[in-house]
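Notes follow once the structure below has been shown.
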Amino acid sequence: MKIALAGNPNAGKTTIFNSLTGLHQHTGNWPGKTVEKKEGEIEHNGIQIKIVDLPGTYSLTAYSPEEIVARDYILEEQPDIIINVVDASNLE
């Protein structure tokens, strides 16, 4: 099973990724910190799950290298689940 973490830059995707996988990817308080996808694997109830931390994107219309990575992963790899991570302190 493949799960992709998607959403705006600086919304907490990497923090969730680190919590789920036990890995320690660096986080930063600025947009564009994650510029490539990161992958980790976990096992839950005997099921292997690949968690993918995608770069932040404001749109699936790709204008920046980070948005291209996120869009291409979603379209080409077709994850089983896409979790849209949002910053609840900045809802518009």
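The sequence shown maps to residues 2 to 93 in the numbering used here. For each residue, glycine too, the CB sits at the ideal point set by N, CA and C. Nothing here was measured: the structure is a model prediction, and the numbers come from that model.
Item, Value
"Delimiting residues of the alpha helix (DSSP H) encompassing L6", "No alpha helix (DSSP H) contains L6, which is instead part of the beta strand (DSSP E) from 3–8."
"Terminal residues of the alpha helix (DSSP H) in which E44 lies", "Per DSSP, E44 belongs to no alpha helix (DSSP H); it is in the beta strand (DSSP E), 39–45."
"Unbroken stretches of the beta strand (DSSP E), 3 residues or longer, contained in the stretch 40–93", "48–54, 82–86"
"D88 classed as buried or exposed, judged by whether at least 16 other C-beta atoms fall within 10 angstroms", "exposed"
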